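All remarks here apply to the structure that follows.
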Amino acid sequence: MRRREGLFYLVPVLFFLALGALWPLYRVLERGLGPAALAVIADPYLMGRFLWSLGWAAGTSLLVIGLGLPLAYLLRQAFPGRRLFIALLTVPFVMPVLVVAVGFLALVGPRGLLGVNLVHTALVLFWAAVFYNLGLAARVLEGLLAGGEALEAAARTLGAGPWRTFLRVTLPHLRPGLLSAAGLAFIYTFASLGLPLILGGPGFATLEVVIYERLAYRLDFAAASALVLWQAAVLMGVTFFYLRAAGQGLVSARSPRPAASPRARLLLGGVAWGFLFLFLAPLWALVLESLKTPEGFGLAYYARLFANGGSYFVPGAGLAIKNTLRFALAALALAAPVGLFYALGVHRGVRGLDLLGMVPLFLSPVSLGVGYLLAYPFWRASAFLLVLAYATMGFPLFARALIPALRALRPSWLEAAATLGAGPLRRLLRLELPLVRPALFAGAALALASAIGEFGATLLLVRPEWATLSIAIYERLGRPGVYNYGEALALSVLLMLVSGALFFLFGARAEGG
Amino acid sequence: MLRVENLALTYPGFALRVSLEVARGETLALIGPSGSGKTSVLKAVAGLLPVRSGRIWIDGEDVTRMPPERRRVGLLFQDYALFPHLSVWDNVAFGLVEARWPRPEIEARVKELLRLVRLIPHAQKKPHQLSGGEQQRVALARALAPRPRVLLLDEPLGALDLRLREALLLELKRVLAEEGTTALYVTHDQAEAFALAHRVAVMKAGQIVQTGVPEEVYKHPADAWTARFLGHKNLLDPAAAATLGLPSGHWLLPPFALRPGEGESAQVVEVLFLGPRTGLWLDYRGVRLYWEGPLFPPPAPGTTLPLSVDLSQAVEVAP
Numbered sequence: 005m006r007r008r009e010g011l012f013y014l015v016p017v018l019f020f021l022a023l024g025a026l027w028p029l030y031r032v033l034e035r036g037l038g039p040a041a042l043a044v045i046a047d048p049y050l051m052g053r054f055l056w057s058l059g060w061a062a063g064t065s066l067l068v069i070g071l072g073l074p075l076a077y078l079l080r081q082a083f084p085g086r087r088l089f090i091a092l093l094t095v096p097f098v099m100p101v102l103v104v105a106v107g108f109l110a111l112v113g114p115r116g117l118l119g120v121n122l123v124h125t126a127l128v129l130f131w132a133a134v135f136y137n138l139g140l141a142a143r144v145l146e147g148l149l150a151g152g153e154a155l156e157a158a159a160r161t162l163g164a165g166p167w168r169t170f171l172r173v174t175l176p177h178l179r180p181g182l183l184s185a186a187g188l189a190f191i192y193t194f195a196s197l198g199l200p201l202i203l204g205g206p207g208f209a210t211l212e213v214v215i216y217e218r219l220a221y222r223l224d225f226a227a228a229s230a231l232v233l234w235q236a237a238v239l240m241g242v243t244f245f246y247l248r249a250a251g252q253g254l255v256s257a258r259s260p261r262p263a264a265s266p267r268a269r270l271l272l273g274g275v276a277w278g279f280l281f282l283f284l285a286p287l288w289a290l291v292l293e294s295l296k297t298p299e300g301f302g303l304a305y306y307a308r309l310f311a312n313g314g315s316y317f318v319p320g321a322g323l324a325i326k327n328t329l330r331f332a333l334a335a336l337a338l339a340a341p342v343g344l345f346y347a348l349g350v351h352r353g354v355r356g357l358d359l360l361g362m363v364p365l366f367l368s369p370v371s372l373g374v375g376y377l378l379a380y381p382f383w384r385a386s387a388f389l390l391v392l393a394y395a396t397m398g399f400p401l402f403a404r405a406l407i408p409a410l411r412a413l414r415p416s417w418l419e420a421a422a423t424l425g426a427g428p429l430r431r432l433l434r435l436e437l438p439l440v441r442p443a444l445f446a447g448a449a450l451a452l453a454s455a456i457g458e459f460g461a462t463l464l465l466v467r468p469e470w471a472t473l474s475i476a477i478y479e480r481l482g483r484p485g486v487y488n489y490g491e492a493l494a495l496s497v498l499l500m501l502v503s504g505a506l507f508f509l510f511g512a513r514a515e516g517g
Numbered sequence: 002m003l004r005v006e007n008l009a010l011t012y013p014g015f016a017l018r019v020s021l022e023v024a025r026g027e028t029l030a031l032i033g034p035s036g037s038g039k040t041s042v043l044k045a046v047a048g049l050l051p052v053r054s055g056r057i058w059i060d061g062e063d064v065t066r067m068p069p070e071r072r073r074v075g076l077l078f079q080d081y082a083l084f085p086h087l088s089v090w091d092n093v094a095f096g097l098v099e100a101r102w103p104r105p106e107i108e109a110r111v112k113e114l115l116r117l118v119r120l121i122p123h124a125q126k127k128p129h130q131l132s133g134g135e136q137q138r139v140a141l142a143r144a145l146a147p148r149p150r151v152l153l154l155d156e157p158l159g160a161l162d163l164r165l166r167e168a169l170l171l172e173l174k175r176v177l178a179e180e181g182t183t184a185l186y187v188t189h190d191q192a193e194a195f196a197l198a199h200r201v202a203v204m205k206a207g208q209i210v211q212t213g214v215p216e217e218v219y220k221h222p223a224d225a226w227t228a229r230f231l232g233h234k235n236l237l238d239p240a241a242a243a244t245l246g247l248p249s250g251h252w253l254l255p256p257f258a259l260r261p262g263e264g265e266s267a268q269v270v271e272v273l274f275l276g277p278r279t280g281l282w283l284d285y286r287g288v289r290l291y292w293e294g295p296l297f298p299p300p301a302p303g304t305t306l307p308l309s310v311d312l313s314q315a316v317e318v319a320p
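Keeping their order, the protein sequence lines are chains D and V. Residues are numbered in our numbering as their position in the first sequence, beginning at 1, plus a constant of 4. Residues are numbered in our numbering as their position in the second sequence, beginning at 1, plus a constant of 1.
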């Protein structure tokens, strides 16, 4: 690794990060450190919010691994439609947070399908957070379980019964997967604005909600900055813990265990698909409810969305879809090159780079918005601020899909290319990039999904003419009347379709490799 | 001792039916090409594969329906399956802890085995810090530690390079003899099986086609397929047999039936110089024959050399 080559990767990433995360973070530190940070601790209300945020995130982590492990065992078995099942199980993870929140309103809201109002309860918050994270956890654990089956067989022949084998071999083998699944669930829950803002109400407001309210309603930059720092400290600790745990876990795709008999296979399939039907209830309830209008079953809500064209404060569907796609694609155009430089630099062992890339992970969406408002008041009239925020959040996702693929390339391929006369740049273009193409698409899909569904930073930075689908939904939720509610449902379905379509467009290419 | 009676397993497109017996202290090698079902037999004996029909006895006890942990068999995995989170010492002690041995006895036994496989200096290392050969020896020590009634070995040398294989083959033979272990050894390498086992059983497509002591199986293979699998090159079809003056039928000329240096002249067609030995493809009365042995310097292709063929050593084989 030559010094100059290191700078080649380091400089662009550093420049982008300085703009997208470091300078805003510095401005937050400037405002929040000192008396403001201490005043926050002394305030019993804020302390209560802080503790509830920790409790919600930690409880979700425990639930996710507690439910994810049995689910992973189910995934290890062969049953009809297993591949599709696995794909559908991870759908919630790439769904925009507003789709999930409105989905829960459609299922268990005041006008919900089930007729039970669970909104403003802890139950619905835990349920929604688990809904988000369970599929991914189960997939990670399933891969680890598959890799440990030979070890389990060894333990059994050495005299350990099923329970002893689980305790002495399976559990230690799963440890990195359990820790990383728990860590990831914690991070996503702790930094979520949409779920507690819409489903929790004042009684279950989290730190993220409080930061947003301090800023949006009181313009209290000092308190907001201090809270951001407390939140970032927690996220930083958990992120380091998560990345350390995740680094040890290896996920391998293996064929499932054959079922004992055709009847067992069908039975397992019945259990699995029955579970999935219930698990995905918020999503299908959303679709169903969006079609139930006061005039009967039909597309009336959808028709209203496009007929009205919206007003200045209640943006229409056409504008919102256009904005969402425009900003997300612009963010991808920015996040992909930065993510590529970052991934290549980390892969080539540029010192300090991997640490630098974690900074965006400490900043929740609302924190990022606070930082931008402090750092770039002169850009308030430019939508570039939104794109910058999306790219800052998206490029680590892009890079993290890419790095394992780069590491999986056999060094002998690159050595062969070098002896055949290809220099570093030619090797990158002719060998590395074509070989990691599926990962490039997977990374792009993740970055796009995060940009399309982004809510927290958008809510702080948005101007009416830039309204995205998430904002258009949120605006309608805040207004009374069955038609606003119905339009929010219909817009959520549209957002679900847009993000689902883009994700699977890119996801299919990612699978193809 | 181990007795397997009419063990049957069926997969789509594949049916396995096997009976075999291994006497106390004996090593039986189960050999066959990949896909012949050897490993399935091993897993069934270990209890890792459910058995549809048939019976498995160990020391006179029917273990067919017993879970693996109660069978007291040892299994040496092809990829070793060492527990990555445990040290070498704790890997070897794993089965002893499960069998609730008292601590001093565990310590003595682990030490004894680590000494037996010469790994005392590595006791506190983690498996990933060891070389392939060392990992293999840890796996052997771990499988032997709880004094299994039967030791099952699944291609234990398969993942190692040639030089290491020879060294470990001798070590394995010594350890099995010292422990007096009853062993079932699965491999696709007939030389490994001949060198290690008291008896060999040849498997083809889910059936055992021949069982016997290595010399006997090598000299009198059940059929032409088995002969070829065991490394025989000089298989004569009826036409070639007639040319050489043998009665009509399929015949096998074992390597020791050919003696260069005397007799009729044969033309050298191809020469394989292997170092200590030389392999020659010869044209003898229009029949292609292979001979391998110490010969230096090797003859050039196209030259002739005298060759005597002892037809009394020829063995008739089923086609």
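Virtual Cβ for every residue (Gly too), placed ideally from N, Cα, C. Bear in mind the structure is a predicted one, so any value in this text is a computation, not a measurement.
Where do the ends of the beta strand (DSSP E) carrying residue i lie?
i: V/F274; result: L259 to F274
i: V/E22; result: F15 to V23
i: V/G75; result: V74 to L77
i: V/V310; result: T305 to V310
i: V/N7; result: L3 to Y12
i: D/T462; result: No beta strand (DSSP E) contains D/T462, which is instead part of the alpha helix (DSSP H) from G460 to L465.
May I ask which residues mark the beginning and end of the alpha helix (DSSP H) holding residue i?
i: D/F135; result: A126 to G151
i: V/T65; result: Unbroken run through V/T65: none, as it is neither H nor E.
i: V/V201; result: Segment R200 to K205 is the beta strand (DSSP E) holding V/V201; no alpha helix (DSSP H) there.
Going along the chain, which residues of its own chain have a beta-carbon closer than 6 Å to the beta-carbon of residue i, five neighbours each way excluded?
i: D/I202; result: A105
i: V/R72; result: G48 and V64
By DSSP, does residue i sit in helix, in strand, or in coil?
i: V/A319; result: strand
i: V/Y186; result: strand
i: V/G294; result: strand
i: D/V275; result: helix
i: D/L254; result: Bear in mind that a pLDDT of 46 at D/L254, under 50, signals an unreliable position, so the model cannot answer this.
i: D/M5; result: With a pLDDT of 49 at D/M5, under the threshold of 50, the predicted position of this residue should be treated as unreliable, though the coordinate-derived value follows. Looking at D/M5 - three-state DSSP - the assignment turns out to be coil, as it is neither helix nor strand.
i: D/L23; result: helix
i: V/V52; result: coil
Would you verify that the beta carbon of residue i is, or is not, closer than 9 Å to some beta carbon of chain V?
i: D/R160; result: yes
i: D/P176; result: yes
i: D/G147; result: no
i: D/P84; result: no
i: D/G253; result: At D/G253, the pLDDT of 44 sits below 50, so the modelled position is not reliable; the number obtained from the coordinates is stated separately. So no, D/G253 is outside the interface.
i: D/L155; result: yes
i: D/V173; result: yes
i: D/A164; result: yes
i: D/T169; result: yes
i: D/A268; result: no
With a threshold of 9 Å between beta-carbons, can residue i be considered close to chain D, or not?
i: V/E108; result: no
i: V/A16; result: no
i: V/L10; result: no
i: V/V64; result: no
i: V/G48; result: yes
i: V/R138; result: no
i: V/H86; result: yes
Apart from the five residues just before and just after residue i, which ones in its own chain have a Cβ nearer than 7 Å to its Cβ?
i: V/W226; result: K205
i: D/L254; result: Because D/L254 sits at a pLDDT of 46, beneath the cut-off of 50, its placement in the model cannot be relied upon, and the following sentence gives the value as read from the coordinates. Same-chain partners within the cutoff: G151.
i: D/V68; result: V134, N137, L138, A141, A185, A186 and A189
i: D/G181; result: V144, L145, L148 and G253
Go through its chain and collect everything with a Cβ distance to residue i's Cβ below 8 Å, but skip five positions before and after it.
i: D/L233; result: V32, L33, G36, L37 and A41
i: D/R480; result: V318, N488, Y489, E491, A492 and L495
Counting Cβ pairs closer than 8 Å, one from the segment 17-30 of chain D and one from the segment 358-369 of chain D, do we hit at least three? The segment 17-30 of chain D is in contact with the segment 358-369 of chain D.
The segment 234-243 of chain V contacting the segment 263-279 of chain V, beta-carbon criterion three pairs below 8 Å: The segment 234-243 of chain V vs the segment 263-279 of chain V: no contact.
Three-pair Cβ contact test at 8 Å for the segment 148-161 of chain V versus the segment 68-84 of chain V: In short, these stretches touch, since the Cβ pair count reaches three.
Would you check if there are 3 or more beta carbon pairs closer than 8 Å linking the segment 367-375 of chain D to the segment 425-433 of chain D? The segment 367-375 of chain D is not in contact with the segment 425-433 of chain D.
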